[in-house]
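Student:
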Amino acid sequence: MRKLFILSTLVLAAVSAKAQDLKLNDLGYFERQGVNVLVYSNSFNGGFNDEKNSGIEVIQHGVRSIQGGAVRLNNTPEQWDLVPLMTDRKVDQEKGTIEVALRYNDYDFDSRVVVTAKGKAVEIAVWLDKPVPEKLAGDAGFNLEFLPSRYWLKTFTMDGRLNRFPRYATSQTITRPNSEKPRQFKGFKTYDDRGTDRFVDPLPLETGHQIIMATDDPERMVRISSDSELQLFDGRMLAQNGWFVLRSVLPKGKTGKVLTWTIEPHAIPGWIREPNIGFCQVGYTPEQPKVAVIELDKQDTPQANASLYRIKDDGSKEKVFTGEIKPWGPYFKYNYVKFDFSSVREPGVYYIQYGNTKTNDFLIDEHVYDKITDATTDVWVPIHMDHMYVTEGYRTWHGEPFKEGYLQAPESDHFDLHSQGATTDTKYKPYELIPGLNVGGFFDAGDFDIETGSNISVVQNFIRAWELFKPMRDETFVSQKQRYVDLHRPDGTPDILQFIEHGTLNLVAQAEQIGHMAQTLSNSVLDNYHHLGDAASITDGLHYDPSLKPYEVSADGKRSGTPDDMWAFTTRDPRLDLRAATMFAAASRALRGYNDDLAERALTQSKRLMQEGTELLKQRHNNGMREMDFSWLDGFEGRDMNAKPDKKRQKLMERSRKNSELLGDMATNLQLYGATQEQQYLDNFKAQIWDALELSVPMNMQTALDAVSYMDEAYKQKLRPYVEKYNEYIKNFDKNNPYGVPIGLGNWAGVNMILNFGIAVNYAHLYYPDIVSKDEIYRVSNWLYGCHPYHNYSFVAVVGAARPKQVFYGNNRADFSAIPGNVAPGLLFRKPDHFENFDDWPFLWGQNEGTIAGNTQYIIFGSAFKNLQ
Ligand SMILES: [Ca+2]
Ligand SMILES: [Ca+2]
Ligand SMILES: [Ca+2]
Numbered sequence: 002m003r004k005l006f007i008l009s010t011l012v013l014a015a016v017s018a019k020a021q022d023l024k025l026n027d028l029g030y031f032e033r034q035g036v037n038v039l040v041y042s043n044s045f046n047g048g049f050n051d052e053k054n055s056g057i058e059v060i061q062h063g064v065r066s067i068q069g070g071a072v073r074l075n076n077t078p079e080q081w082d083l084v085p086l087m088t089d090r091k092v093d094q095e096k097g098t099i100e101v102a103l104r105y106n107d108y109d110f111d112s113r114v115v116v117t118a119k120g121k122a123v124e125i126a127v128w129l130d131k132p133v134p135e136k137l138a139g140d141a142g143f144n145l146e147f148l149p150s151r152y153w154l155k156t157f158t159m160d161g162r163l164n165r166f167p168r169y170a171t172s173q174t175i176t177r178p179n180s181e182k183p184r185q186f187k188g189f190k191t192y193d194d195r196g197t198d199r200f201v202d203p204l205p206l207e208t209g210h211q212i213i214m215a216t217d218d219p220e221r222m223v224r225i226s227s228d229s230e231l232q233l234f235d236g237r238m239l240a241q242n243g244w245f246v247l248r249s250v251l252p253k254g255k256t257g258k259v260l261t262w263t264i265e266p267h268a269i270p271g272w273i274r275e276p277n278i279g280f281c282q283v284g285y286t287p288e289q290p291k292v293a294v295i296e297l298d299k300q301d302t303p304q305a306n307a308s309l310y311r312i313k314d315d316g317s318k319e320k321v322f323t324g325e326i327k328p329w330g331p332y333f334k335y336n337y338v339k340f341d342f343s344s345v346r347e348p349g350v351y352y353i354q355y356g357n358t359k360t361n362d363f364l365i366d367e368h369v370y371d372k373i374t375d376a377t378t379d380v381w382v383p384i385h386m387d388h389m390y391v392t393e394g395y396r397t398w399h400g401e402p403f404k405e406g407y408l409q410a411p412e413s414d415h416f417d418l419h420s421q422g423a424t425t426d427t428k429y430k431p432y433e434l435i436p437g438l439n440v441g442g443f444f445d446a447g448d449f450d451i452e453t454g455s456n457i458s459v460v461q462n463f464i465r466a467w468e469l470f471k472p473m474r475d476e477t478f479v480s481q482k483q484r485y486v487d488l489h490r491p492d493g494t495p496d497i498l499q500f501i502e503h504g505t506l507n508l509v510a511q512a513e514q515i516g517h518m519a520q521t522l523s524n525s526v527l528d529n530y531h532h533l534g535d536a537a538s539i540t541d542g543l544h545y546d547p548s549l550k551p552y553e554v555s556a557d558g559k560r561s562g563t564p565d566d567m568w569a570f571t572t573r574d575p576r577l578d579l580r581a582a583t584m585f586a587a588a589s590r591a592l593r594g595y596n597d598d599l600a601e602r603a604l605t606q607s608k609r610l611m612q613e614g615t616e617l618l619k620q621r622h623n624n625g626m627r628e629m630d631f632s633w634l635d636g637f638e639g640r641d642m643n644a645k646p647d648k649k650r651q652k653l654m655e656r657s658r659k660n661s662e663l664l665g666d667m668a669t670n671l672q673l674y675g676a677t678q679e680q681q682y683l684d685n686f687k688a689q690i691w692d693a694l695e696l697s698v699p700m701n702m703q704t705a706l707d708a709v710s711y712m713d714e715a716y717k718q719k720l721r722p723y724v725e726k727y728n729e730y731i732k733n734f735d736k737n738n739p740y741g742v743p744i745g746l747g748n749w750a751g752v753n754m755i756l757n758f759g760i761a762v763n764y765a766h767l768y769y770p771d772i773v774s775k776d777e778i779y780r781v782s783n784w785l786y787g788c789h790p791y792h793n794y795s796f797v798a799v800v801g802a803a804r805p806k807q808v809f810y811g812n813n814r815a816d817f818s819a820i821p822g823n824v825a826p827g828l829l830f831r832k833p834d835h836f837e838n839f840d841d842w843p844f845l846w847g848q849n850e851g852t853i854a855g856n857t858q859y860i861i862f863g864s865a866f867k868n869l870q
């Protein structure tokens with residue numbers, strides 16, 4: 002007993018010293034209880050530039066509310082303003098410093114930022130070996146950004162003057178000549194200057210030498226002081242996703258230590274994060290397993306028990322179950338325990354009580370999952386129908402977009418990861434109108450382009466849902482003739498057939514007009530790419546005529562000099578053609594009897610693209626190699642990514658590649674068989690599937706299961722051992738993380754991977770219930786509907802969830818809203834140990850942007866899942 006006492010006193014002493022001062026920890030960031038200061042654990046990413054996820058970041062009381070600490074070239078940098086490249090990062094444990102070297106290649110401008118722990122604060126110093134380049138003098142400064150939703154309406158003082166952070170951007174601006182504007186991403190411009198040749202620059206809200214932010218909220222309070230002038234800006238003046246920015250301009254003509262800031266994020270003494278009780282917000286069916294995963298601060302002592310309370314019809318509460326808390330262990334920065342209340346089966350309204358934490362209520366009932374796809378199919382999908390006027394009750398979601406059609410893209414190294422090669426690969430000249438493309442298709446995501454790859458997935462997902470579940474649901478009026486969609490108005494045709502038709506219409510038009518699949522139909526100018534509002538107002542609807550002046554309209558009112566028309570990026574990719582061939586084959590089958598003409602056109606394009614794509618791939622041998630690169634998967638499945646595959650594996654890869662060149666894509670063959678019943682396609686599939694499964698069971702299980710309905714009993718038997726292997730793979734996730742699902746750690750939170758996993762598990766259980774038990778199918782539903790890190794809100798803006806997420810990165814994100822049925826990517830991982838999903842700030846696409854491909858995948862997952870109940 003005594004020994005134990007001494008030990009715990011020592012531990013306490015260590016903890017309290019740690020709680021006082023910021024220390025550089027083993028993970029390479031500064032830490033004290035309640036505060037983490039990260040210095041380029043995450044560096045700026047060139048692809049989309051500023052994602053508000055990088056540089057010096059502060060996680061205060063569990064919320065990453067400060068980021069973007071870096072030498073920047075603007076008062077309030079937008080996405081696509083230049084970001085510095087980190088060329089070096091040194092962590093000196095002994096001195097307690099982290100030093101990063103930053104560089105702007107465009108301006109040959111180097112700087113160093115040194116961050117040093119000083120008691121409860123950090124000192125941030127900027128060092129220059131050469132003075133700020135003349136061109137950037139007065140513009141280059143040190144910036145730090147503060148999450149608006151965390152600070153708005155909070156009080157602050159600047160040199161003692163009282164203030165309050167504004168809820169909405171209403172401060173003042175000036176305009177300056179474009180010649181003074183630092184270059185933006187690849188020379189694009191985020192703004193339309195309306196012919197003024199001037200850009201907008203915000204003026205500071207306040208200036209001074211000492212700021213205390215959130216003086217009225219100890220969880221958010223931060224003190225910053227400097228001998229340099231501090232300027233506070235509101236980044237929302239230029240862009241709705243802007244943050245509050247504190248900055249000091251770097252002095253002209255100076256070298257050495259040119260700027261010093263002291264920043265002290267307040268930590269509440271003895272702060273321990275509130276437990277996050279993860280559970281399914283949609284509820285549970287009586288017989289299913291019911292396990293809450295509770296995320297705990299590492300300083301927290303787990304409770305011995307948790308209880309389940311029932312809310313009775315008269316509003317009174319009764320404790321119905323008390324169960325033991327079982328430890329799972331640490332996973333990144335938190336500790337995890339579980340509470341199993343599976344034995345509670347009586348239908349009713351319940352909540353969980355764990356220590357002082359009580360969850361919101363949820364249902365246990367046979368019917369809880371009945372409506373999980375309705376919001377997505379009835380609301381989210383029709384709102385994303387391009388080239389249509391979409392209305393709902395009194396509300397118009399958008400008018401008919403892009404009436405002027407699409408121009409052939411010229412050679413372009415573009416934004417949104419698009420590009421157009423040196424040749425168009427088409428019969429069209431750059432800027433020439435490609436006729437017939439402004440029909441059908443779905444908006445990509447939070448933006449309004451037609452990503453061909455995603456649209457192919459969308460049509461495929463709808464077809465799978467149609468063929469597997471035959472949903473006859475009719476809640477949407479669709480008239481291609483009127484180009485008009487009305488929500489909640491039945492028109493006698495199952496909506497899903499109309500969605501298949503709508504997606505196919507655009508993709509067939511691409512194949513017919515262009516001759517192959519476009520990469521994308523997307524914005525030509527950056528200043529309308531970030532559009533937030535009615536899709537019909539992105540372009541002016543008039544054909545671009547370069548003989549007119551910008552903003553000038555021709556006498557007949559049909560043409561304008563504003564170069565806002567969308568472009569078709571047409572560089573040919575035979576792999577995309579093959580994917581389209583697969584989809585067209587399936588579409589022709591699904592549309593037969595509903596729209597025979599379109600079914601016929603789709604089949605014609607399928608056969609042609611299959612043949613041409615396979616031939617082209619043969620010619621482009623090296624591209625074929627790339628397609629067979631499984632290294633990322635090796636890492637995912639726990640194999641060493643850098644290790645050379647063994648001889649057997651190499652042989653398999655080589656044979657798979659050759660077969661795919663010779664016979665065409667495996668999944669395409671299966672789809673073509675389904676569409677045509679021609680034996681050759683099935684033989685091709687059979688020649689490929691077993692090698693594919695040998696190479697990777699997780700990656701190919703879904704295709705193998707898709708084939709079950711076409712195959713005989715012998716195939717099903719031969720597949721059994723692979724399904725057994727797959728079952729092991731499923732169960733292994735229980736050891737990898739407390740939630741038992743594949744969790745992505747990339748720049749995009751990766752709901753697609755989880756949905757794929759969920760769909761495959763559902764089908765593995767459906768066809769092999771003796772191998773994959775029914776209990777396994779709840780892994781993904783639990784995760785989606787609230788059993789996950791950070792918070793316990795449902796990632797689906799879904800009918801039936803007690804607490805769905807409130808905000809998503811949809812095209813109405815500027816209203817801090819959501820489009821019902823959207824599915825968030827989920828938990829964004831920030832290196833080295835932080836998961837995040839903001840629910841008061843929609844603008845981080847990596848965690849909040851639902852995509853058309855992901856949301857239609859969700860329809861399959863949800864349909865399969867509810868059918869298994
Ligand atoms: Ca896009
Ligand atoms: Ca309908
Ligand atoms: Ca136009």
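If you count the sequence shown from 1, position 695 lands on 696 in our numbering, and the numbers rise without skipping.
No residue lacks a Cβ here, since even glycine has one placed at the ideal position from N, Cα and C.
Since the model is a prediction, treat every value here as computed from it, not as a measurement.
1) Can you say whether E655 is buried or exposed, counting buried as having 16 or more other CB atoms within 10 angstroms of its CB?
2) First and last residue of the alpha helix (DSSP H) that includes K136?
3) Since A102 sits in a beta bridge, which residues does DSSP pair it with?
4) At a cut of 8 Å, does the region 61-76 reach the region 260-279 through at least three beta carbon pairs?
5) Is it the case that the region 460-475 contacts the region 400-415, given that we only count it when at least three CB pairs across the two stretches are under 8 Å?
6) Under 7 Å from any heavy atom of ligand 4, does the C-beta of Y545 make it?
7) Given S55, which residues of its chain have a CB within under 8 Å of its CB, disregarding the five upstream and five downstream residues?
8) With distances taken from CA atoms, which of E135, P331 and A102 is nearest K736?
9) Quick one: Cα of G441 to Cα of E502, how far?
10) In the DSSP assignment, find the alpha helix (DSSP H) that holds I755 and state where it starts and stops.
11) I'd like the ranges of any beta strand (DSSP E) spanning at least 3 consecutive residues and lying wholly in the region 228-275.
12) Using only CA atoms, which one of G97, N763, A668 and L86 lies nearest to N106?
13) Examine ligand 3 and report whether any of its heavy atoms sits within less than 7 Å of the Cβ of S875.
14) How big is the Cα-Cα spacing for D228 and T261?
15) Counting Cβ pairs, one atom from each stretch, are 3 or more of them under 8 Å apart for the region 317-329 and the region 295-309?
16) In the region 319-356, which residue ranges form an unbroken alpha helix (DSSP H) of at least 4 residues, counting only runs that do not cross its ends?
17) Just the Cα atoms here: how many angstroms apart are A215 and D93?
18) Excluding the five sequence neighbours on either side, which residues of its own chain have a C-beta within less than 6 Å of the C-beta of V283, listed in chain order?
19) Would F342 be called buried (16 or more neighbouring beta carbons within 10 Å of its own) or exposed?
20) What are the boundary residues of the beta strand (DSSP E) that S523 is part of?
21) Could you work out which residue in M611, R560 and F245 is closest to A582 when comparing CA atoms only?
22) Any residue with its C-beta under 5 Å from a non-hydrogen atom of ligand 2 counts. Can you list them all in chain order?
23) Flag T540 as yes when its Cβ comes closer than 7 Å to any non-hydrogen atom of ligand 3, and as no otherwise.
24) Spatial neighbours of Y485 within its chain, please: CB distance less than 7 Å, with the 5 preceding and 5 following residues excluded, ordered by chain position.
25) Could you tell me the boundaries of the alpha helix (DSSP H) in which E616 lies?
26) Tell me which residues share the same chain as R33 and place their Cβ nearer than 8 Å to its Cβ, disregarding the 5 neighbours each side in the sequence.
27) Using a Cβ-Cβ cutoff of less than 7 Å, which residues in the same chain neighbour G324 once the five nearest sequence positions on both sides are dropped?
28) Using only the alpha-carbon positions, how far apart do D218 and R168 sit?
29) Mind reading off the beta-carbon distance from V797 to P843? Whole number of angstroms is fine, and I expect it under 8 Å.
30) Determine the closest residue to G279 out of A537, L297 and L869, with distance taken between C-alpha atoms.
31) Between the Cα of S871 and the Cα atoms of Q289, P348, Y192 and I373, which residue gives the shortest distance?
32) N823 lies in the beta strand (DSSP E); which residues open and close that run?
33) For the beta strand (DSSP E) containing P203, name the first residue and the last one.
34) What does DSSP give as the partner residues of G70 in its beta bridges?
35) Going by other Cβ atoms of all chains shown within 10 Å of its Cβ, with 16 needed for buried, is Q405 buried or exposed?
36) Starting from R576, follow the beta strand (DSSP E) in both directions and report where the run begins and ends.
Tutor: If we stick to the structure as given:
1) Position 654 of the sequence shown, counting from 1, holds the residue named residue 655. Counting Cβ neighbours within 10 Å, E655 comes out exposed, since fewer than 16 surround it.
2) As a first step, residue 136 must be located in the sequence shown, where it is residue number 135. Careful: K136 lies outside any alpha helix (DSSP H) and carries neither H nor E.
3) Walking along the sequence shown from the start, residue 102 turns up at place 101. The partner list for A102 (beta bridge, DSSP) reads D89 and R113.
4) yes
5) no
6) Absence of ligand 4 is noted for the structure shown, with ligand 1, ligand 2 and ligand 3 being the only ligands found.
7) Working through the sequence shown from its first residue, we reach residue 55 at position 54. Contacts found: Y41, N43, S44, F45, N46, Q68, G69, A71 and V84.
8) The sequence position of residue 736 within the sequence shown is 735, counting from 1. When each option's Cα is compared against that of K736, the closest is P331.
9) Taking the first residue of the sequence shown as position 1, residue 441 is located at position 440. Taking the first residue of the sequence shown as position 1, residue 502 is located at position 501. Answer to the nearest angstrom: the Cα atoms are 8 Å apart.
10) Reading the sequence shown from its first residue, position 754 is the one you call residue 755. I755 -> alpha helix (DSSP H) spans V752 to Y768.
11) 245-250 and 257-266
12) Against the sequence shown, residue 106 aligns to sequence position 105. Closest option to N106, Cα to Cα, is L86.
13) No statement about residue 875 is possible, as the shown extent of the chain runs from 2 to 870 and does not include it.
14) As a first step, residue 228 is located in the sequence shown; it is residue number 227 there, counting from the start. As a first step, residue 261 is located in the sequence shown; it is residue number 260 there, counting from the start. Computed Cα separation, rounded: 7 Å.
15) yes
16) none
17) Along the sequence shown, one-based indexing puts residue 215 at 214. Along the sequence shown, one-based indexing puts residue 93 at 92. Distance between the alpha carbons of A215 and D93 is about 32 Å.
18) Translated into positions along the sequence shown, residue 283 becomes position 282. Contacts found: V369, Y786, G801 and A802.
19) Within the sequence shown, residue 342 is the residue found at index 341, counting from 1. Classification of F342: buried, given that the 10 Å Cβ count is 16 or more.
20) Sequence index remark: in the sequence shown, residue 523 carries index 522 (1-based). Note, S523: beta strand (DSSP E), T521 to S523.
21) What you label residue 582 is simply residue 581 of the sequence shown in a count that begins at 1. Checked all of M611, R560 and F245; the closest Cα to A582 is M611.
22) D475, T477, D492, T494 and D496
23) The residue labelled residue 540 in the question sits at position 539 within the sequence shown. Yes.
24) Counted from its first residue, the sequence shown places residue 485 at position 484. Around Y485: M389 and Y390.
25) Translated into the one-based positions of the sequence shown, residue 616 becomes position 615. Unbroken alpha helix (DSSP H) run through E616: D597 to Q620.
26) Looking up residue 33 in the sequence shown gives position 32. Same-chain partners within the cutoff: K19, A20, Q21, D22, L23, K24, K121 and A268.
27) For this step, residue 324 is matched to residue 323 along the sequence shown. Cβ within range, chain order: N306, A307, F340, D341 and F342.
28) Reading the sequence shown from its first residue, position 217 is the one you call residue 218. Reading the sequence shown from its first residue, position 167 is the one you call residue 168. Between D218 and R168, the C-alpha separation is close to 16 Å.
29) On the sequence shown, residue 797 is found 796 positions in, with the first residue counted as 1. On the sequence shown, residue 843 is found 842 positions in, with the first residue counted as 1. In fact, because the Cβ distance is near 15 Å, the residues do not count as touching under 8 Å.
30) Numbered from its first residue, the sequence shown carries residue 279 at position 278. With distances taken between Cα atoms, G279 lies closest to L297.
31) Nothing about residue 871 can be read from this structure; the chain reaches only from 2 to 870.
32) Here residue 823 corresponds to residue number 822 of the sequence shown, with the count starting at 1. Looking at the DSSP string, N823 is not in any beta strand (DSSP E), and its letter there is neither H nor E.
33) Numbered from 1 along the sequence shown, position 202 holds the residue referred to as residue 203. Taken as a continuous stretch (DSSP letters only), the beta strand (DSSP E) holding P203 covers R199 to P203.
34) Counting from one through the sequence shown, the residue named residue 70 turns up at place 69. Answer is I57.
35) Here residue 405 corresponds to residue number 404 of the sequence shown, with the count starting at 1. According to the sequence provided, residue 405 is Glu. The question's Gln does not apply to it. It counts as buried.
36) Here residue 576 corresponds to residue number 575 of the sequence shown, with the count starting at 1. From DSSP, R576 is part of no beta strand (DSSP E) but of the alpha helix (DSSP H) over P575 to L592.
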